[in-house]
Structures are given as C-alpha cells and as structure tokens.
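Since the structure comes first, as structure tokens, the remarks are kept for the end.
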Amino acid sequence: MAFAKAAILSSSSLYSTLNNDLCIISCFFVYRKYTITQIKKRRFYGIGDFLLYLCCLLFLIGHVIPVTRMKSTTIASSRFTWSSSPDNSSMAFDYAEQDMPLTQHKMPEQIGEGWWQSIHLPLNMVIRRGMAHFRPEVSGKLLPVATIEEHFFEPVLCVQSTIKGRVVLLDHKLGNDFIFGHENCLFEHIDVRESLVRLDASDDIEMTTLVIGDSVLNQLLGTEYAQALLAALKVTSISSIAVNKVPHNINRLLHSCISDHLTGHIGKLHIQANVLDYLCALSQYFTGTIENQKPESDLQTRIHQMHDDLLQLEGKVPSLNELAVKYEIPGRKLKEGFTAIYGKSLFSYISELRLDEAHATLKESDIPMKTIAKNLGYSHVNHFITAFGKQFGYSPGSLRKKSKQNV
0 MAFAKAAILS SSSLYSTLNN DLCIISCFFV YRKYTITQIK KRRFYGIGDF LLYLCCLLFL
60 IGHVIPVTRM KSTTIASSRF TWSSSPDNSS MAFDYAEQDM PLTQHKMPEQ IGEGWWQSIH
120 LPLNMVIRRG MAHFRPEVSG KLLPVATIEE HFFEPVLCVQ STIKGRVVLL DHKLGNDFIF
180 GHENCLFEHI DVRESLVRLD ASDDIEMTTL VIGDSVLNQL LGTEYAQALL AALKVTSISS
240 IAVNKVPHNI NRLLHSCISD HLTGHIGKLH IQANVLDYLC ALSQYFTGTI ENQKPESDLQ
300 TRIHQMHDDL LQLEGKVPSL NELAVKYEIP GRKLKEGFTA IYGKSLFSYI SELRLDEAHA
360 TLKESDIPMK TIAKNLGYSH VNHFITAFGK QFGYSPGSLR KKSKQNV
C-alpha cells in the first residue's frame, strides 16, 4: 500500500511539473502491481486499496487515447541498407514512421534468417529489437549485415545490447570498430549515426537498441544526474562511443521490456514502464559506482565468484549451507552480501535468470518442457509451469504455441 500511495503522490507531482505522459506511466506502475498481485489472488487490503486500484484503472482508460497523439521522435530520419541482401536493398523512414511492425530481415537463405521491429514509446523514446539465426555453413564468419545512416533532431543516448551473440560496429565517423556481446553494452552519444553492423555468425543474435534524446534524459533524471550518467558511461561529448560492462540483471531488464502478449497502447505503456525500470537500475549502478569508489572486499570477491559459478551450473541449485561451506562464507553474510550486490535474494535472482533462459529456449526450440524443467533444477514440470506463470503472467505452453504461430 505504501508503494501505491507513493506512486500516486509522485504521479500528481509529475502531472503538474513535467507532463501528462509521465503521470500515465506512474499510474501504470500502480495498475500493473495490482493487476499482477491483488487481482490474481482476488485480494485487496480494504476498501481504500480497492478504490486506489479503480482510480488508476479509470485514469489509464481516460488517458490512453491522448497518448496516441505523441510528439515526433528525436530521430529525424533513418536509412538501413542491407549489405547481406543480393541487391543491397535499403529501407528509409522519417520521424513519423519509427513504429515498425515485426519485419523480415532481407538476408539470403544460404546465410540464415532474421527479423526486427521498432517501437515509438510515449515518453518520446524508440526501442528496437532484432534476431538473426544463422545456418551452420556460415558459423565462425563475420557477416556485414547493414549500413545505418540516421540523423537526429537533438543529441541522443543510444544503448545497444545483446542477450545472445556478438556484434561488431564500425563507426565511419570515428573510424573504429566496437565489439560488444552479452557481457557488455555499446553506448553512443551522437547526433548523427553512420555505421556498418557486422554479426559474428558463430552464434545466433538477439539484440535490443534504445534511443533517448538528451532533453528526455535530462527531464527524467535531472540535468546534473544525467550528465553524471553520461560521464560514467564515458560518452560525455557528442560523437563519443564506449563499450561498458553491465551486470546481467540490468541487461535482462532491457531485453525483457517488450512483451509479445500485450499490444496497442497498453503494450506501449508496459514497455515504457519497463524502460524506466532499466534506466533507474542503469543510473544507480553507474553513478553509484562513481560516488562509492571503494575497493572490493574479499567477501564481495567470493560472492561475485559464486554468482559466476551459479550462472554456469545446470540442475538443482545447492542449498545455502552447501554454498556457505564451499565459498567459506557464513550463511547470514552470504545472504545479506548477495542481496546488497545484486538487489535480490540469491534464490530469487537465480530463479529469474533461469526462467528467462527457459523463455528464450521455449521460443527458439522444440526441446520438451520436461527436459527444460529438469535442466533448470525443478523436481516436477508442474513446479516449473507455476514459477514461469508467476514471473511472466502466462504459461510456457501459450508462449510456445504463439511462437510457432509467428514462424
């Protein structure tokens, strides 16, 4: 209830000091919380709680329509020339066409297949995602896929991240190659983009891109905090590019922004809310690193090592006592230390990561659900189905069915 009250108070303040869109997002956070918890459990904590939920719902219904009249994006024009297509065909679109549905990538069949999409969000951001699946014959090759030319109405922060695979970006203006994969992200602070994208065909690619104008970033974070973030990312000046290591739990927030089960304006609100989650986590991680530059303790080193080891582990996660003995950390310190570093309890964190992996596996393969559940350490497939539904709001079976329909 405290969270809900705080969100409503903040939404009222934002409505009067910033803009209506931010108020909508704040109320959407509250609405989403109640939908997932109280409604699912058919439980409210008194009439006040129910009225708060109802007010948020009515506010959203009354304000979804104005969201359709969005401002133009910070992207003035975009042109993608498909280097991998037989005729080097291109696709060009302007500021009013940044909403692009799921589009097949013009990739020769002998190389593989892929798709991408672009979504213009209520707070004047653009998020894109793409996937490429390569044939075994081209494994190990570095394939030029597209030349990108974009112009912006103002400088933008562009984040590019992969949850799978490796990308090499050649920036024509700087004349340098920048390599990033699932362990790091590419950050650009630019007003013009002229680059060649090459993909490492050793593995399939899943990539997400987020474009935010400086004015939006300053409005959301405050100018001082926004500048601190750019400095921490090493992209203070215009036309600067840097590759930074980002924790997996923060990257996961970006890659899970887009839901295949929500569409239209509510779908965009859901994505926007998730993007704000990501920006908060990213800002806190990088600016906090600057403000608290303390040497890593031996305890933190061992917890980081345990974290990395668990990410590689299949099957049942060892008990807290087993982990405490193996890494020579008292159980209480292990629990508190892990939560302090990664923001969640050890078992919640690992469970969410594994369920994310299961989500990707269900979409991309025909591996039986029982096998997936066993590999993740679930004693019974029904336990896996229940946990999956709690995290994503829908069953693994419905996800696989929809994925097959989209093929």
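According to numbering that gives the first Met the number 0, the sequence shown is numbered sequentially starting from 0.
By construction, the Cβ of each residue, glycine as well, lies at the ideal position given by its N, Cα and C atoms.
From residue i to residue j, what distance separates their C-alpha atoms?
| i | j | result |
| --- | --- | --- |
| Leu122 | Arg197 | 30 Å |
| Leu352 | Phe387 | 11 Å |
| Asp190 | Tyr94 | 14 Å |
| Met99 | Gly330 | 50 Å |
| Ala75 | Leu252 | 27 Å |
| Lys369 | Val380 | 5 Å |
| Ser214 | Thr262 | 27 Å |
| Leu319 | Tyr326 | 11 Å |
| Arg68 | Glu96 | Bear in mind that a pLDDT of 41 at Arg68, under 50, signals an unreliable position, so the number given afterwards is only what the model happens to contain. The alpha-carbon atoms of Arg68 and Glu96 are separated by roughly 14 Å. |
| Ala323 | His104 | 48 Å |
| Val167 | Leu345 | 34 Å |
| Trp115 | Leu229 | 28 Å |
| Phe43 | Cys256 | Low confidence applies here, because Phe43 scores a pLDDT of 47, under 50, leaving its location unreliable and the question unanswered by this model. |
| Lys403 | Thr300 | 43 Å |
| Thr385 | Gln283 | 32 Å |
| Ser422 | Leu398 | Residue 422 lies beyond the stretch modelled for the chain, which goes from 0 to 406, so this question has no answer here. |
| Leu281 | Ile249 | 7 Å |
| Gln226 | Lys400 | 45 Å |
| Leu275 | Met124 | 11 Å |
| Met206 | Lys334 | 33 Å |
| Leu312 | Ala91 | 45 Å |
| Lys233 | His150 | 22 Å |
| Trp106 | Glu112 | Reading off the sequence shown, one finds Met at residue 106, where the question assumed Trp. Whole-angstrom Cα-Cα distance: 6 Å. |
| Ser296 | Ile118 | 42 Å |
| Gln37 | Ile349 | The predicted model places Gln37 with a pLDDT of 43, which falls under 50 and marks its position as unreliable, so this point remains unresolved. |
| Ser258 | His247 | 19 Å |
| Cys279 | Gln304 | 26 Å |
| Phe186 | Gln159 | 7 Å |
| Thr338 | Ile328 | 14 Å |
Considering just the uninterrupted stretch of the alpha helix (DSSP H) at residue i, what are its terminal residues?
| i | result |
| --- | --- |
| Met106 | First-last for Met106: undefined, no H or E at that position. |
| Ile302 | Asp297 to Gln311 |
| Ala339 | Gly330 to Tyr341 |
| Val210 | Here Val210 belongs to no alpha helix (DSSP H); instead the beta strand (DSSP E) covers Ile204 to Gly212. |
| Arg353 | Leu345 to Glu363 |
| Ile366 | Note, Ile366: premise wrong, no alpha helix (DSSP H); not H, not E. |
| Lys389 | Val380 to Phe391 |
| Val316 | Run containing Val316: none; DSSP gives neither H nor E here. |
| Gly129 | Per DSSP, Gly129 belongs to no alpha helix (DSSP H); it is in the beta strand (DSSP E), Val125 to Phe133. |
| Val274 | Gly263 to Glu290 |
| Ala225 | Thr222 to Ala231 |
| Ile257 | Neither: Ile257 is in no alpha helix (DSSP H) and is coded neither H nor E. |
Identify, in the order they occur along the chain, each residue of the same chain with its Cβ nearer than 8 Å to the Cβ of residue i, setting aside the five sequence neighbours on each side.
| i | result |
| --- | --- |
| Ser89 | Arg78, Phe79, Thr80 and Trp81 |
| Lys332 | Leu298 |
| Phe383 | Ala357, Met368, Ile371, Ala372, Leu375, Tyr377 and Pro395 |
| Leu17 | For Leu17, the predicted structure reports a pLDDT of 42, less than 50, and the residue's modelled location is therefore unreliable. The matter cannot be settled from this model. |
| Met130 | Gly113, Trp114, Trp115, Asp203, Ile204, Glu205 and Met206 |
So the beta strand (DSSP E) residue i belongs to, where does it begin and stop?
| i | result |
| --- | --- |
| Val167 | Val166 to Asp170 |
| Arg197 | Asn183 to Asp199 |
| Glu148 | Leu141 to Lys163 |
| Gln116 | Gly111 to His119 |
| Arg78 | Ile74 to Trp81 |
| Asn175 | Asn175 to Phe179 |
| Ile240 | Ser239 to Lys244 |
| Ala91 | Ser89 to Asp93 |
Would you mind giving the Cβ-Cβ distance between residue i and residue j, rounded to the nearest angstrom? I have them listed as a contact below 8 Å.
| i | j | result |
| --- | --- | --- |
| Cys157 | Asn243 | That pair is no contact at about 13 Å. |
| His181 | Thr161 | 6 Å |
| Lys163 | Ile204 | 6 Å |
| Thr73 | Phe152 | 5 Å |
| Val316 | Leu309 | 7 Å |
| Ile178 | Arg165 | 7 Å |
| Ile211 | Val144 | With 8 Å as the limit, Ile211 and Val144 do not qualify as a contact, their Cβ atoms being about 24 Å apart. |
| Tyr341 | His306 | 7 Å |
| Lys267 | Leu120 | 6 Å |
| Ser194 | Ile147 | 5 Å |
Return the chain-ordered list of same chain residues with a C-beta closer than 6 Å to the C-beta of residue i, the five sequence neighbours on each side being excluded.
| i | result |
| --- | --- |
| Gly336 | Leu298 and Ile302 |
| Lys343 | none |
| His260 | Tyr393 |
| Gly139 | Ser201 |
| Gly314 | Gly376 |
Counting only the same chain and skipping the five closest in sequence on each side, list residues whose C-beta sits under 7 Å from that of residue i.
| i | result |
| --- | --- |
| Ile110 | Ser83, Phe133, Arg134, Val137 and Leu142 |
| Ile366 | Thr360 |
| Thr412 | Residue 412 is absent from the model: the chain starts at 0 and stops at 406. |
| Lys362 | Leu398 and Ser402 |
Spell out whether any CB of chain D is found under 8 Å from the CB atom of residue i.
| i | result |
| --- | --- |
| Asp355 | Absence of chain D from the displayed structure is noted, only one protein chain being present. |
Would you say the beta carbon of residue i is closer than 7 Å to some non-hydrogen atom of the ligand MG?
| i | result |
| --- | --- |
| Ser344 | Inclusion of the ligand MG in the displayed structure is not the case, the ligand content being empty and no account of it being possible. |
Evaluate the contact criterion for the segment 238 to 254 versus the segment 173 to 180: three or more CB pairs, one atom per stretch, below 8 Å. yes
Check whether the segment 388 to 396 and the segment 353 to 361 are in contact - that is, three or more C-beta pairs closer than 8 Å. yes
Stretch pair the segment 263 to 272 + the segment 218 to 225: three plus CB contacts closer than 8 Å: no
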